[in-house]
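Quick notes on the structure that follows.
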Amino acid sequence: MKKLFILIFFINNIFASIFWGAALEKIPKLENIYKAEYETGFLPQFLEFYLAFYKTDFLSSLEDIWTLGAVPCITIEPALFENNTMQAVFFEDILNGKFDEVLRNFTDQIKSFNNPLIIRFAHEMNLNVYHWGQDILNEKSAEIYIKMYRYVYEFFKKQNVKNTIFAFCPNNESVPNVSYNQIKNYFPGSDYVDILGVDGYNFGTCPTDRQSKWKNFDEIFSNALTELRSLSQNPLIIFETASTTKGGDKNIWIENSLDMALKHNIQGIIWFQVDKECDWKISSELDKKNVNKFFEKNYSNVQYWAKEFLNEKRRAN
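Just remember that the working numbering sits 72 ahead of the position in the sequence shown, which is counted from 1.
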């Protein structure tokens, strides 16, 4: 317990300001990163991208991200894609080692990278759109998720990967909102989670397939933050967020959200810089001005934080 307290105390002190990042749709090359910098007016401190369960070459992207002064964040999705349709990778196949070569492809490149990065495995597990490990979300989903998460965590450990920071990252709302699908049920345990995460968006009136309304930062995140803080006091990062322009003032939303993030002791915010179900991108000059004004006052070195985080984690263990 003493070691855990020391680690949390250290982390909270070096996280005195908020790190800012961007999530991109594809494995980023230099041109994608520069495009994101041009669109947003800032160079992200976290650069997040997504990997499905295929052997993939991404080492050069990790190196590009680090060279530019950022820390990579990899979201690993246990899924395959056919004709742009996502198909779940069944948990039995993961636990039986069928995808070990895919995981080894990941670990080999991450070890070669040899700098800190964040791994976010099977994010938003409490959303029925994902149902990781099986065909549908049901009463067994939390148990299945924990088994998959721990298997991947232990696989990295057995491969002697020492430069990863593992994140547990649910969605801000559980869909469906039933007892078996609550955030706390999915928590893999403190021995397997280095940092906490959460995703949440202000959809405003953008969706055409359902009713939606404009929500501020607290309306989106407060309940999830309370539940996550009851599970662990480890650092917390918002790994995906953004606001539409439809239904309210996006610039005010950004300004309010950054202020509220400080109030809630959130250590990082990663903006989903993608035009998807809504156009989430930061693009207007006023958007850029608000973000840059805030982070000029709240800047620290994210790579230093990541290195010291891993050093303290090793000492605590």
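Note that CB positions come from ideal geometry on N, CA and C, so glycine has one too. Predicted, not measured: the structure shown is a model, and the values here were computed from it.
Item                                                                                                      : Value
Assumed close pair residue 125, residue 150 - CB separation to whole angstroms, cut-off 8 Å               : 6 Å
CB contact flag (residue 118, residue 99, <8 Å)                                                           : no
Residue range of the unbroken beta strand (DSSP E) whose run includes residue 143                         : 143-148
Counted within 10 angstroms of its Cβ, other Cβ atoms place residue 179 as buried (16 or more) or exposed : buried
According to DSSP, residues forming a beta bridge with residue 233                                        : Looking at the DSSP assignment, residue 233 forms no beta bridge with any residue, so it has no partner.
Alpha carbon of residue 172 to alpha carbon of residue 166, nearest angstrom                              : 7 Å
Coarse secondary structure for residue 190, derived from DSSP in three states                             : strand
Integer-rounded CB distance, given that residue 135 should sit under 8 Å from residue 93                  : Wrong, their Cβ atoms sit about 18 Å apart, outside the cutoff.
For residue 115, the three-state DSSP class (helix, strand or coil)                                       : coil
Meets three-Cβ-pair contact criterion under 8 Å: the stretch 300-310 and the stretch 268-278              : yes
Assigned secondary structure, residue 313 (DSSP; H/G/I helix, E/B strand, else coil)                      : strand
Residues bridged to residue 272 (per DSSP)                                                                : 313
Beta-carbon gap between residue 192 and residue 344 smaller than 8 Å                                      : no
Residue 124 in three-state terms, based on DSSP                                                           : coil
Among 116, 96, 90, the one whose alpha carbon lies nearest that of residue 360                            : 116
Assumed close pair residue 243, residue 291 - CB separation to whole angstroms, cut-off 8 Å               : Not really, about 15 Å apart at Cβ, beyond 8 Å.
Reference residue 208, options 331, 253, 245, 104, closest by Cα                                          : 253
Whole-angstrom distance between residue 152 and residue 236, CA atom to CA atom                           : 24 Å
DSSP-derived helix/strand/coil call for residue 266                                                       : coil
Validate contact between the stretch 223-235 and the stretch 280-290 using beta carbons, cut 8 Å, 3 pairs : no
8 Å Cβ cutoff met for residue 111 and residue 348                                                         : no
C-beta atoms of residue 326 and residue 374 nearer than 8 Å                                               : no
Proximity below 8 Å, CB of residue 113 to CB of residue 160                                               : no
Cutoff 7 Å; reference residue 264; Cβ partners in own chain excluding five residues on either side        : 221, 222, 225, 238
Contact under 8 Å by Cβ, residue 261 with residue 91                                                      : no
DSSP three-state assignment for residue 280, whether helix, strand or coil                                : coil
Coil, strand or helix - residue 103 by DSSP                                                               : helix
Whole-angstrom distance between residue 257 and residue 212, CA atom to CA atom                           : 10 Å
Local Cβ density within 10 Å of residue 248, reported as buried at 16 or more and exposed below that      : exposed
Of the listed residues 316, 164, 138, nearest to residue 186 (C-alpha basis)                              : 138
8 Å Cβ cutoff met for residue 219 and residue 278                                                         : no
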